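Student: Numbering (our numbering), first residue to last: 165 to 797.
Got a structure for you, written out below as C-alpha cells; questions coming shortly.
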Ligand SMILES: [Zn+2]
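Shown next as C-alpha cells:
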C-alpha cells in the first residue's frame, strides 16, 4: 500500500524499523509478535525504500518499556530522527514505540520538525499533518491508558477472585488440590500426622523453640515442598528449624481459613538493599480476605488465634509485650556468648509462668535446645551489671575518670602542637625550595631538574603531614565541653536515684546502660554454678566478675509435687543415694528432666528440713513451714 504522504525526499533518507518487546520472557514467548515486527522491513521496501536504506533497531529487546532512559535503541532512533537522516519510522502498532507518553510525544515532535513519517502495519502518518498528529497523540494516550487499565484489571481481577476464595496460589504442605480445584488434606498420612504433632507440641509447651527442640530430640523431620527449579513442588523432609515451625504456626490455612492480603505493601519503610517497600504483616482482624471454614483444617480457628497471641508474647521482636516487661533482660542486644561468640538472645516466658527471662545463645534459637550452647536466667546477671554501672558512675569514680580524661586531652593537645610545628617546618622548606628553583637560570637544566625534584619532595612531605595533622585533630574531637562535664557530674550524683525510680522504665535503663557499656560477654559453663561476666565499657576498659547462678527452684522450675512428696516419705529411712535410685526406678525426674542424684535429693531434703537420720532431737524443722508434708518423727 503506497501512500500519498510518502515523497521521494522521504525515500532518499533511511527507513527505521523499531522492534521491541518488554521482558526477556516476552522475547522468548512471543516469537510471533517479534516475527511480525521483522516483517515491517518488507513493508518498508514495499513502500518504496531500497533494501539498503532499511535498518532495524532492536537493541531494546528484553528491556522494560516504562521509560526510555535505559533504552539506547530508542535514544539512537530519536537522535537519528533529530539529525534529519530518517524518512520513515515503522513499528508494529504506532504507539508501542514508547509505553510512556512523554517519550511518545517527544518523538512525534521531533518527527514533525524533521519531516519524518511514522508508520505501522496499516497506515503511514505525517506528524506535520494536523489530523495525523491528533491521531498519533490519541494513540499514545490510549496506549498509556491501556497499560494502566491492564494493570488495574489484573490487580482487581486478583482481588475479586481472592474475595471469592478462588484465586489460586501454591498450597502449603499438608494440602493438595482436588480435581475441582478445591483444597484437600494431603493423602500422605505421615505428612498429616507430623503437622498434627507440631500443633500438639505447641499446645503442650506454648513456646515454638521448645517444639523445635522436641522434634529434634526425637529425630522427627518436617515435611516441606521443594522450591528449587529441579523437582519443584515435590515432598522433602528436613530437620526442624525455628523458622519452619513458626511459619507453620503462623499460617492460617491450617485452621481452615482462606486468607489473602496478610501483608501490607503500602508502608514507607524501604529495604536498603533493593529499595523496594518492606511489607509488614497485618493483624488477624485487618486481613482483607479471610474466609473461615474454607477447607478441612488441622486445628480450630479459635486455637489458631490464641496461638498467634502466644507467639507474639514469646517473640520479643517488633515491640511486642516482651520488650516492655519490667526488670527483665537489660542486656538485650549487647550480650555476647562467651563460648561461641554468637549474639545472645532473650527468651521471655509466658506471664503465667512467673519466671524471669533467660539469656539464650542464638544457636539455641536456630536449632532448638539440642543445639543450645548455653542459657541462663537473666535476673542475677542484670543485677550484677546494673551494680557495676552504678559503681562505675559513682561521683568518686567519675572524678577519677575525668582526671584521666583530662590527662589524655593534654597528651593529645601536646601531640597536636608538635605535629603543627612539624607541619609549619615542612611548609617553610617547601617554600624555600620553590624560591631556589625560581631563582635559577632556566638555561641551567641540570641544576633546574635537581631543584625541581627537591621542591617536589618537600611538597609531598608537607601534604603527608597535613593529612596526619587532620587525623590528629579528628582524634582530639572527643574532648568534653564544659556543659558535657557538668551534665556528667550531675548525672553521676543522681544516677542511683534515677536508676531505681519507679518512673524509670526498663527501656530507659537499657538506654542508660548502652551509654556506658559496649557489650557484655557471658560464660555460664566454665565455672559450675556460676556465671562469668566480662563487661566491655565504651571507654575501652574491660572488667570481669562472677555471679552465682540462682539456686534451683528459687526462680526457676519446680520439682513436681509428687516427686517431692515421695522424697519426703522416704527421707530418714534411706540414704540420699538410695532415695535417688528409688525415685529414678519409679520414673520420677528432676525439674530439668534429669535423673535424681545424691545432690538433688540432699538439696530438697535440706531445703524442706527433712534430712534423714541425723536430725537432732528438739530441733523443729517443721515449725516454720506448713507448705510441705513432713515426715513423722
Ligand atoms: Zn554460644
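Glycine included, every Cβ here is placed at the ideal spot set by N, Cα and C.
Nothing here was measured: the structure is a model prediction, and the numbers come from that model.
(1) Taking 8 Å as the cut-off, does the segment 334–353 touch the segment 465–472 (at least 3 CB pairs, one atom from each stretch)?
(2) For residue 179 versus residue 250, is the C-beta spacing smaller than 9 Å?
(3) Is the closest heavy atom of ligand 1 to the C-beta of residue 503 under 8 Å?
(4) Since residue 421 and residue 471 should fall inside the 8 Å C-beta cutoff, what is the C-beta to C-beta distance between them, to a whole number of angstroms?
(5) What number of angstroms, rounded off, separates the C-alpha of residue 549 from the C-alpha of residue 634?
(6) Could you spell out the range, first to last residue, of the alpha helix (DSSP H) harbouring residue 772?
(7) Enumerated in chain order, which unbroken segments of the beta strand (DSSP E) with a length of 3 residues or greater are wholly contained in the segment 268–310?
(8) Out of 553, 589, 585, which has the shortest C-alpha to C-alpha gap to residue 673?
(9) Going straight from the alpha carbon of residue 174 to that of residue 267, what length do you get?
(10) By Cβ distance below 6 Å, which residues in the same chain neighbour residue 176 in space, the five residues on each side in sequence not counted?
(11) Please tell me whether, using a cut-off of 8 Å, the distance from the CB of residue 538 to the nearest non-hydrogen atom of ligand 1 is below it.
(12) Near residue 745, which residues of its chain fall below 7 Å by C-beta distance, leaving aside the five closest residues on each side in sequence?
(13) Within the chosen definition, does the segment 325–333 reach the segment 202–219 through at least 3 CB pairs nearer than 8 Å?
(14) Rounded to whole angstroms, what's the CA-CA distance from residue 486 to residue 551? Just pull it up for me.
(15) Okay, do the segment 612–629 and the segment 594–602 touch, 3+ Cβ pairs below 8 Å being the bar?
(16) For the beta strand (DSSP E) containing residue 403, list its first residue and its last residue.
(17) Specify, as a first and last residue, the run of the alpha helix (DSSP H) that residue 798 falls within.
(18) For residue 700, which beta-bridge partners are listed by DSSP?
(19) Beta-carbon within less than 7 Å of residue 766's beta-carbon, same chain only, minus the 5 sequence neighbours each way: which residues are those?
(20) Given this structure, state the Cα-to-Cα distance separating residue 619 from residue 579, to the nearest angstrom.
(21) Is residue 214 helix, strand or coil by DSSP?
(22) Taking the Cβ atom as the reference point for each residue, do residue 379 and residue 410 lie within a distance shorter than 9 Å?
(23) On the three-state DSSP scale, how would you describe residue 451?
(24) With DSSP run on the structure shown, which of helix, strand or coil describes residue 796?
(25) Does the Cβ-Cβ distance between residue 113 and residue 253 come in under 9 Å?
(26) For residue 766, verify whether its CB is less than 8 Å away from any heavy atom of ligand 1.
(27) Do residue 418 and residue 334 have their C-beta atoms within less than 9 Å of each other?
(28) Any chance the CB of residue 685 is under 8 Å from a heavy atom of ligand 1?
(29) Roughly how many angstroms lie between the CA atoms of residue 704 and residue 683, to the nearest whole one?
(30) Apply the 10 Å Cβ neighbour rule to residue 255 and answer buried if 16 or more other Cβ atoms are within range, or exposed otherwise.
(31) Less than 8 Å between C-beta atoms, sequence neighbours within five positions excluded: which residues of the same chain meet that for residue 713?
(32) What are the boundary residues of the alpha helix (DSSP H) that residue 731 is part of?
(33) What separation, rounded to the nearest whole angstrom, lies between the Cα atoms of residue 281 and residue 199?
(34) Determine, using beta carbons only, whether residue 590 and residue 622 come nearer to each other than 9 Å.
(35) Looking at residue 524 and residue 508, is the spacing between their C-beta atoms short of 9 Å?
(36) I'd like to know whether the C-beta atoms of residue 558 and residue 413 end up nearer to each other than 9 Å.
Tutor: The answer reads as follows:
(1) no
(2) The residue you call residue 179 lines up with position 15 of the chain shown. The residue you call residue 250 lines up with position 86 of the chain shown. Yes.
(3) As a position in the chain shown, residue 503 is number 339, starting the count at 1. Within the cutoff, so yes.
(4) As a working mapping, residue 421 is identified with position 257 in the chain shown. As a working mapping, residue 471 is identified with position 307 in the chain shown. Going by Cβ atoms, the distance from residue 421 to residue 471 rounds to 13 Å, so no, they are not a contact pair.
(5) Indexing the chain shown from 1 puts residue 549 at position 385. Indexing the chain shown from 1 puts residue 634 at position 470. The straight-line gap from Cα to Cα measures roughly 38 Å.
(6) The residue labelled residue 772 in the question sits at position 608 within the chain shown. Its alpha helix (DSSP H) spans residues 762–772.
(7) 281–283
(8) Residue numbering aside, residue 673 sits at position 509 when the chain shown is read from its first letter. The shortest C-alpha separation from residue 673 is found at 553.
(9) The sequence position of residue 174 within the chain shown is 10, counting from 1. The sequence position of residue 267 within the chain shown is 103, counting from 1. The straight-line gap from Cα to Cα measures roughly 23 Å.
(10) Here residue 176 refers to the residue found at position 12 when the chain shown is read from its first residue. Nothing listed; no residue qualifies.
(11) Here residue 538 corresponds to residue number 374 of the chain shown, with the count starting at 1. Checking every heavy atom of ligand 1 against the Cβ of residue 538, one is found closer than 8 Å.
(12) Taking the chain shown and counting its residues from 1, the one referred to as residue 745 is at position 581. Cβ within range, chain order: n/a, list empty.
(13) no
(14) For this step, residue 486 is matched to residue 322 along the chain shown. For this step, residue 551 is matched to residue 387 along the chain shown. Note that residue 486 scores 37 on pLDDT, short of 50, meaning its location in the model is unreliable; the coordinates nonetheless yield the value given after this. Each residue's alpha carbon lies about 23 Å from the other.
(15) yes
(16) Sequence index remark: in the chain shown, residue 403 carries index 239 (1-based). 399–403 is the span of the beta strand (DSSP E), which, as asked, contains residue 403.
(17) Any question about residue 798 goes unanswered here, given that the chain covers just 165 to 797.
(18) Translated into positions along the chain shown, residue 700 becomes position 536. Residue 700 pairs with 683, 706.
(19) Position 602 of the chain shown holds residue 766. 740.
(20) The residue labelled residue 619 in the question sits at position 455 within the chain shown. The residue labelled residue 579 in the question sits at position 415 within the chain shown. Rounded to whole angstroms, residue 619 to residue 579 spans 27 Å at the Cα level.
(21) Start at 1 with the first residue of the chain shown, and residue 214 comes out as number 50. Coil, per DSSP.
(22) Looking up residue 379 in the chain shown gives position 215. Looking up residue 410 in the chain shown gives position 246. Their beta carbons are not under 9 Å apart, which means residue 379 does not touch residue 410 by this criterion.
(23) In the chain shown, residue 451 corresponds to position 287, counting from 1. Under the three-state reduction of DSSP, residue 451 is assigned to coil, being neither helix nor strand.
(24) The residue labelled residue 796 in the question sits at position 632 within the chain shown. Low confidence applies here, because residue 796 scores a pLDDT of 35, under 50, leaving its location unreliable; read the following figure in that light. Looking at residue 796 - three-state DSSP - the assignment turns out to be coil, as it is neither helix nor strand.
(25) Absent from the structure is residue 113, since the part of the chain shown begins at 165 and ends at 797.
(26) Sequence index remark: in the chain shown, residue 766 carries index 602 (1-based). For ligand 1, not one heavy atom lies less than 8 Å from the Cβ of residue 766.
(27) Walking along the chain shown from the start, residue 418 turns up at place 254. Walking along the chain shown from the start, residue 334 turns up at place 170. Cβ atoms of residue 418 and residue 334: not closer than 9 Å.
(28) By 1-based counting over the chain shown, the position of residue 685 is 521. No.
(29) In the chain shown, counting from the first residue as 1, residue 704 sits at position 540. In the chain shown, counting from the first residue as 1, residue 683 sits at position 519. Near 11 Å, if we compare the C-alpha coordinates of residue 683 and residue 704.
(30) Looking up residue 255 in the chain shown gives position 91. With at least 16 other beta carbons inside 10 angstroms of its own, residue 255 counts as buried.
(31) What you label residue 713 is simply residue 549 of the chain shown in a count that begins at 1. Within the same chain, residue 713 has close Cβ partners 540, 541, 544, 688, 693, 694, 695.
(32) The residue labelled residue 731 in the question sits at position 567 within the chain shown. For residue 731, the uninterrupted alpha helix (DSSP H) segment begins and ends at 725–734.
(33) The count along the chain shown starts at 1 and reaches residue 281 at position 117. The count along the chain shown starts at 1 and reaches residue 199 at position 35. Approximately 22 Å, taken between the alpha carbons.
(34) As a working note, residue 590 is residue 426 in the chain shown. As a working note, residue 622 is residue 458 in the chain shown. Contact: yes.
(35) Here residue 508 refers to the residue found at position 344 of the chain shown. Here residue 524 refers to the residue found at position 360 of the chain shown. It is a contact, given that the beta carbons lie within the stated cut-off.
(36) Sequence index remark: in the chain shown, residue 558 carries index 394 (1-based). Sequence index remark: in the chain shown, residue 413 carries index 249 (1-based). Result no, Cβ atoms of residue 558 and residue 413 do not sit closer than 9 Å.
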